[in-house]
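Asker:
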Amino acid sequence: MINRFTERLARWQKFHGRHDLPWQSHGVYETWISEIMLQQTQVKVVIPYYKQFIVRFPDVQTLANAPLDDVLSHWAGLGYYSRARNLHKTAQIIVENYEGKIPKNLDKLKELPGIGRSTAGAILSLGFGLRGVIQDGNVKRLLARLFAITGDLSKSKAQNDLWSLADSLTPQEGEACRSHTQGMMDLGSIICRRIRPDCPICPFQNDCLAFQQNSIAKFPAPKQANKRQDELWVVLQIVNQADETLFIKRPAKGIWGGLYAPPIGPSLKELGNDMNLNAVAEAEFIGDIAHAFSHFKVRLEHYRLKIGEDHVRASGEWQMAQLFQKGIPAPIQKLLDKDSA
Ligand code: SF4
Numbered sequence: 000m001i002n003r004f005t006e007r008l009a010r011w012q013k014f015h016g017r018h019d020l021p022w023q024s025h026g027v028y029e030t031w032i033s034e035i036m037l038q039q040t041q042v043k044v045v046i047p048y049y050k051q052f053i054v055r056f057p058d059v060q061t062l063a064n065a066p067l068d069d070v071l072s073h074w075a076g077l078g079y080y081s082r083a084r085n086l087h088k089t090a091q092i093i094v095e096n097y098e099g100k101i102p103k104n105l106d107k108l109k110e111l112p113g114i115g116r117s118t119a120g121a122i123l124s125l126g127f128g129l130r131g132v133i134q135d136g137n138v139k140r141l142l143a144r145l146f147a148i149t150g151d152l153s154k155s156k157a158q159n160d161l162w163s164l165a166d167s168l169t170p171q172e173g174e175a176c177r178s179h180t181q182g183m184m185d186l187g188s189i190i191c192r193r194i195r196p197d198c199p200i201c202p203f204q205n206d207c208l209a210f211q212q213n214s215i216a217k218f219p220a221p222k223q224a225n226k227r228q229d230e231l232w233v234v235l236q237i238v239n240q241a242d243e244t245l246f247i248k249r250p251a252k253g254i255w256g257g258l259y260a261p262p263i264g265p266s267l268k269e270l271g272n273d274m275n276l277n278a279v280a281e282a283e284f285i286g287d288i289a290h291a292f293s294h295f296k297v298r299l300e301h302y303r304l305k306i307g308e309d310h311v312r313a314s315g316e317w318q319m320a321q322l323f324q325k326g327i328p329a330p331i332q333k334l335l336d337k338d339s340a
C-alpha cells in the first residue's frame, strides 16, 4: 500500500483541491442532490442546474411534494432522466419512512432508488462526516493507474479489486474521511484526468505504477464498446388551428422517459400509421439537428403538420410551443426554438 496515503492526499486537497463548489459545506440534502446530478455529468455542466434546482426544491419535503413534471422540467438538459424520477421517488420515501431525514446508514441508503454503493458512501462522508467509501468514474481511473489494475474495470473481478483498494485507503474517522473523499474526487478529476493527466504535479507520481512503468495510456483498459448504430428520428410537430403544438408525455421507461415532446418515430410513414393520420404525407420539413447520446447518435428531423385537432387521435396537451412549461428534452427544445428563431 502507498505510504501515508491519507495524510498526503488530505494535504494536497487542502491546498489544491476544490473548496468552493456550491454544494460544499451545506448539508446532506445538498450533497445528495449534487451527487445524483454529478453521475455521468461534469461539474461545470451541473452547477447552473444545481443552483436552479436548489432554489425551487430547497429540502426533501418540498421535493417530495412537488409534481414529477416540475422536477423533470428542472432536470431538462441534464440527461439521464431516470435520475430525476428516482430523486423524486426517494424524497417521497424519505418523508414517508424516515420523517423527512436522509438515513445515516449505508444499507438503508442503498435501498433507496438511484442510490448505489458509491453515492451512499459520498452521502455518508461528505454529507454526514461519517466513514463512507466511494468509487466513481474518476476514482476508478485514479486507482487503476496507481495500482496498475488490468482488464475491463466494469467486470466483477476488477470491481472487487477496486472496492477493496478504495476501502483500505479510506480513513476510519469520519471527518478525515470527508476530506479523503473530496481529495479522491478532486485528484481524479483535476490531476489524473482521462486525457493528458498532469503527472508532473501529482502528489503520488513516485508511487504510481502506471507512471513508473511508463504505461499510463494502458490504464484503465478500454471498455468493450456496446455500440448502437446511428439512428434517424422524425419529430412530427402537429399544430392546430390556434397554432398550438401537440405535446405527448413519453413512457416513463426509456429515453427521455416522462418528458413531453411532439410524436417521435423512425419515419413519417410509421408515425402516420401509428397515429392513423394519412395527412402526414403533407408535413413540411423544417430542419434537422444531430444529437449524441452516450452510446449512439441520432439525427432529428423536424416536420410540421398543420391540421384540425379533431383529425388527431393521439392524446396529449395542446399548447403554444414557446409557452409550454413542462419538461421537454433539450434537443427537442432546440429544434422547436430553431424554428421560432
Ligand atoms: Fe494519475 Fe499521473 Fe498521478 Fe499516476 S502519476 S495517479 S497517472 S496523475
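Residue numbering for the sequence shown follows numbering that gives the first Met the number 0, beginning at 0 and increasing consecutively.
Think of the CB as a built atom: it goes at the ideal place given N, C-alpha and C, for glycine as much as any other residue.
In this text the structure is predicted, and so the values were computed from the model without any measurement.
Can you check whether the CB of residue 45 is closer than 8 Å to the CB of residue 36?
Answerer: yes
Asker: For residue 133, is the classification buried or exposed, using 16 other Cβ atoms within 10 angstroms of its Cβ as the cut-off for buried?
Answerer: Counting C-beta atoms within 10 angstroms of its own C-beta, residue 133 has 16 or more neighbours from the protein chains shown and is therefore classed as buried.
Asker: Count the other C-beta atoms from every protein chain shown that fall within 10 angstroms of the C-beta of residue 280, then say buried if there are 16 or more, exposed otherwise.
Answerer: exposed
Asker: With a cut-off of 8 Å, do at least 3 Cβ pairs link the segment 120-136 to the segment 172-184?
Answerer: yes
Asker: Kindly give me the distance between the Cβ atoms of residue 126 and residue 176, rounded to whole angstroms, as I take these residues to be in contact under 8 Å.
Answerer: The beta-carbon distance between residue 126 and residue 176, rounded to whole angstroms, is 11 Å. This is too long to meet the 8 Å contact definition.
Asker: Is the segment 139-151 touching the segment 90-97 in the sense that three or more CB pairs, one from each, lie closer than 8 Å?
Answerer: no
Asker: What's the C-alpha gap between residue 166 and residue 118?
Answerer: 14 Å
Asker: Quick check for students: name the residue ranges of the alpha helix (DSSP H) that lie wholly in the segment 168-213, counting only runs of 4 or more.
Answerer: 173-185, 208-211
Asker: Mind the definition here: the segment 197-207 touches the segment 5-14 only if three or more C-beta pairs lie below 8 Å; say whether that holds.
Answerer: yes
Asker: Kindly examine the ligand SF4 and report whether one of its heavy atoms sits closer than 7 Å to the Cβ of residue 210.
Answerer: yes
Asker: Starting from residue 238 and walking both ways along the beta strand (DSSP E), at which residues does that stretch end?
Answerer: 230-238
Asker: Do you know offhand how far residue 242's Cα is from residue 251's?
Answerer: 28 Å
Asker: Out of 299, 316, 309, 306, which one is the CA nearest neighbour of residue 329?
Answerer: 299
Asker: For residue 362, verify whether its CB is less than 7 Å away from any heavy atom of the ligand SF4.
Answerer: In the structure as shown, the chain begins at 0 and stops at 340. Residue 362 is therefore absent and cannot be evaluated.
Asker: Can you check the segment 97-139 for any beta strand (DSSP E) of at least 3 residues that lies completely inside it and give the ranges in chain order?
Answerer: none
Asker: Using the DSSP secondary-structure output, state which residues sit across from residue 290 in a beta bridge.
Answerer: 297
Asker: Can residue 196 be considered in contact with the ligand SF4, in the sense that its beta carbon sits closer than 7 Å to one or more heavy atoms?
Answerer: yes
Asker: Going by the beta-carbon positions, is the gap between residue 162 and residue 101 smaller than 8 Å?
Answerer: no
Asker: Considering only the beta carbon of each residue, do residue 233 and residue 254 sit closer than 8 Å?
Answerer: no
Asker: Closest to residue 343 by C-alpha separation, out of 290, 23, 187, would be which residue?
Answerer: For residue 343 there is no data in the structure shown, the boundaries of the chain being 0 and 340.
Asker: Alpha carbon to alpha carbon, what distance is there between residue 41 and residue 209?
Answerer: 25 Å
Asker: CA-CA distance, residue 57 and residue 48?
Answerer: Whole-angstrom Cα-Cα distance: 13 Å.
Asker: Within 10 Å of its beta-carbon, does residue 141 have 16 or more other beta-carbons around it, so buried, or fewer, so exposed?
Answerer: buried
Asker: Using the Cα positions of residue 52 and residue 256, report the straight-line distance between them to the nearest angstrom.
Answerer: One C-alpha to the other measures close to 19 Å.
Asker: Check whether the Cβ of residue 8 lies closer than 7 Å to any heavy atom of the ligand SF4, and answer yes or no.
Answerer: no
Asker: Using only alpha-carbon positions, find the residue among 146, 226, 116 that is nearest to residue 1.
Answerer: 146
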